[in-house]
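Asker: Have a look at this one.
Protein chains: 2
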Amino acid sequence: MQHSLKNIFPNFSHELIATIEENGSLQDFEAGTVLMRTGQYIKNTVLIIKGKIKIYREGEDGGEFLMYYLQPGQACAISMICTAKSEKSQIMAKVVEEVTVMMIPLQLMDKWMMEHRSWYEFVIETYRSRFEEVLEVVDNIAFRSMDERLEFYLKRHSDACGCSEVNLSHQEIATELNTSREVVSRLLKKMEQRGLVKLNRNQIELLK
Amino acid sequence: MQHSLKNIFPNFSHELIATIEENGSLQDFEAGTVLMRTGQYIKNTVLIIKGKIKIYREGEDGGEFLMYYLQPGQACAISMICTAKSEKSQIMAKVVEEVTVMMIPLQLMDKWMMEHRSWYEFVIETYRSRFEEVLEVVDNIAFRSMDERLEFYLKRHSDACGCSEVNLSHQEIATELNTSREVVSRLLKKMEQRGLVKLNRNQIELLK
DNA sequence: ATTAGTTTGTGTTTTTGTCACATTGAGCGA
DNA sequence: TCGCTCAATGTGACAAAAACACAAACTAAT
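Taken in sequence, the protein lines are chains A and S.
By the numbering used here, the letter at position 148 of the first sequence is numbered 148, and the numbering carries on one by one without gaps.
By the numbering used here, the letter at position 27 of the second sequence is numbered 1027, and the numbering carries on one by one without gaps.
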């Protein structure tokens, strides 16, 4: 196996890993693919093996509000939460960097909870960490102003991609923060004046 | 037992209910009590037997942003999520209407997951429904303007208390929406002009 | 080089929030 | 009951933030 599951999910037991390899199916998706749409029925739990995914909440007016990133070793909490019932997805998932994911049929996800302690712990920890992340999102929009949120957004982006260049247009950033492009442009300009960033076309360099 | 657990939690098995009655401890709290503070360590899972609780996210500047209500038959997801690790609470819980709660030591919560199918299903369903509720909160603050949020707030209040009078000051409402009192006053006045509410002192009557 | 399309900039208007202060009404003691 | 105090609400002026409309700059393709 190309990507060792044991390395990516170090807490999984050997039996669990064997079971996953036996029952799950590896799939690749290229950047830009929408893995899951709002309202779609979920039939698989998704484990991230390689690459990056962004999770969005969609507004009625077509807004795409960025909630958080999913990275290797993590799983989509929504796809776990909508268990046996096969509920509709409440979110939209988009690939930002070519991913390899492990698809696990939902009924197995439920079965393993009883059979594999390490799976149980992983699921609970996934719930916990995603819930916390969403609470942080609430904090940001409830208590912080746009300039703080923009800084946080850029920081998170560079943390996720591991680089200091953001290759997005102001419009794309505005959409993910659910504000207007002009606001983003102006705030970025202010940040440039404060020496926090350097603005190029289609690219923002983070200086700190 | 005064409040039959079987009535309040109809999906619990008889063995589970017996175990809860044996190991849990019933406690009463009067309106206004803060059951859990942000940053506090959690040692119990809380099941609501009677009354109502509001769950808040606290801002650094002392803001108290209302997330959702907990009612009989529900449980605090945060208190479940912070399992064995005994994590710190990310939220603040305040009693709005005299409550009776069942306190369950965290280690039991974890143990029962394996032993009682109906407990497992309840926990998963609690995660799911609370997660969904938080996502709706994100929707509200990310996509909606203050007037829509205020209407939603009032509707939710009347749903929760089962009446059409809101006995709160404008200031209290403003705090829970993290805005200023003047804004709430003005928006309420507009709603009154539109015939949606009738404003009295310390009371708002919902007309629709 | 011309043109179409995207990205960024800028002035104006609208909305939202802040501040300072006025008004109202309830409760309470003299 | 009168008058006092205090919390609740109203209001206008102002500041900040965001939305809107349009202009300018740049890119890429023909």
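Cβ coordinates follow ideal geometry from the N, Cα and C atoms, glycine included.
Using a beta-carbon distance below 8 Å, is Y127/A in contact with chain S?
Answerer: What you label residue 127/A is simply residue 127 of the first sequence in a count that begins at 1. Judged by the 8 Å Cβ criterion, Y127/A is in contact with chain S.
Asker: Which residue's Cα is closest to the Cα of H170/A: S180/A, Q90/A and G162/A?
Answerer: Within the first sequence, residue 170/A is the residue found at index 170, counting from 1. Looking at the Cα atoms, S180/A is the closest of the given residues.
Asker: May I ask whether a heavy atom of the ligand MN can be found less than 7 Å away from the beta carbon of M1114/S?
Answerer: This structure lacks the ligand MN; in fact it carries no ligand of any kind.
Asker: Please classify G1024/S as buried or exposed, where buried requires at least 16 neighbouring CB atoms within 10 angstroms.
Answerer: The residue you call residue 1024/S lines up with position 24 of the second sequence. So G1024/S ends up on the buried side.
Asker: Who are the neighbours of V1134/S on chain A, taking C-beta pairs under 8 Å?
Answerer: In the second sequence, the residue the question calls residue 1134/S occupies position 134. Neighbours of V1134/S on chain A, chain order: F131, V134, L135 and V138.
Asker: For K155/A, which of I124/A, E205/A and R117/A has the nearest alpha-carbon?
Answerer: Here residue 155/A is taken as the residue at index 155 of the first sequence, counted from 1. Ranking I124/A, E205/A and R117/A by Cα distance to K155/A puts E205/A first.
Asker: M1114/S and M114/A look like a contact to me (Cβ under 8 Å); what is the Cβ gap, rounded to whole Å?
Answerer: In the second sequence, residue 1114/S corresponds to position 114, counting from 1. In the first sequence, residue 114/A corresponds to position 114, counting from 1. Indeed they touch by this definition, with Cβ atoms about 7 Å apart.
Asker: Just verifying my parser: in three-state terms, what is the DSSP assignment at S180/A?
Answerer: Here the question's residue 180/A lines up with position 180 in the first sequence. S180/A falls in the coil class under three-state DSSP.
Asker: Check the Cβ of I1092/S against every Cβ in chain A and list those closer than 8 Å, keeping chain order.
Answerer: Here residue 1092/S corresponds to residue number 92 of the second sequence, with the count starting at 1. Note that residue 1092/S corresponds to Met in the displayed sequence, not to Ile. The contacting residues do not exist; M1092/S stays about 12 Å from chain A at best.
Asker: With DSSP as the reference, label S1079/S as helix, strand or coil.
Answerer: Within the second sequence, the letter at position 79 stands for residue 1079/S. S1079/S: helix per DSSP, three-state reduction.
Asker: Quickly, what does DSSP pair V1046/S with across the bridge? List them, please.
Answerer: Here residue 1046/S refers to the residue found at position 46 when the second sequence is read from its first residue. The partner list for V1046/S (beta bridge, DSSP) reads M1103/S.
Asker: At a CB distance below 7 Å, what residues from the stretch 143-161 of chain A approach chain S? Give them in sequence order.
Answerer: Of all residues in the stretch 143-161 of chain A, F143 have a Cβ within less than 7 Å of some Cβ in chain S.
Asker: Would you say M36/A lies against chain S (beta-carbon separation less than 8 Å)?
Answerer: The residue given as residue 36/A occupies position 36 in the first sequence. No, its Cβ sits nowhere closer than 8 Å to a Cβ of chain S.
Asker: Could you name the residues of chain A that F1065/S contacts, counting a contact when the two beta carbons are closer than 8 Å?
Answerer: Numbered from its first residue, the second sequence carries residue 1065/S at position 65. Within chain A, the residues near F1065/S are V138, A142 and F143.
Asker: Could you list the residues in the stretch 101-121 of chain A with a C-beta less than 8 Å from some C-beta on chain S, going in chain order?
Answerer: So the list reads M113, M114 and Y120, given in the order they occur along the chain.
Asker: For N23/A, name the three-state secondary structure that DSSP assigns.
Answerer: Locating residue 23/A in the first sequence gives position 23, counting from the first residue. The answer is helix: DSSP assigns N23/A an H, G or I state.
Asker: Quick one: which residues of the stretch 174-199 of chain A get their C-beta closer than 8 Å to a C-beta of chain S? List them in chain order.
Answerer: Against chain S - using a Cβ distance shorter than 8 Å - the residues of the stretch 174-199 of chain A are N178.
Asker: Straight-line CA distance for T1045/S to F152/A?
Answerer: As a position in the second sequence, residue 1045/S is number 45, starting the count at 1. As a position in the first sequence, residue 152/A is number 152, starting the count at 1. Their backbone Cα atoms lie some 33 Å apart in a straight line.
Asker: Decide if G1162/S is buried, meaning its Cβ has at least 16 other Cβ atoms within 10 Å, or exposed.
Answerer: For the purposes of this step, residue 1162/S is taken as the residue at position 162 of the second sequence. The residue is exposed, with fewer than 16 neighbouring Cβ atoms inside 10 Å.
Asker: Taking beta-carbon pairs under 8 Å, can you tell me which members of the stretch 1040-1069 of chain S lie near chain A?
Answerer: From the stretch 1040-1069 of chain S, only R1057, G1059, E1060, D1061, G1063, F1065 and M1067 have a Cβ closer than 8 Å to chain A.
Asker: Is the stretch 89-96 of chain A touching the stretch 50-61 of chain A, taking contact as three or more C-beta pairs under 8 Å?
Answerer: Counting Cβ pairs under 8 Å, three or more are found: they touch.
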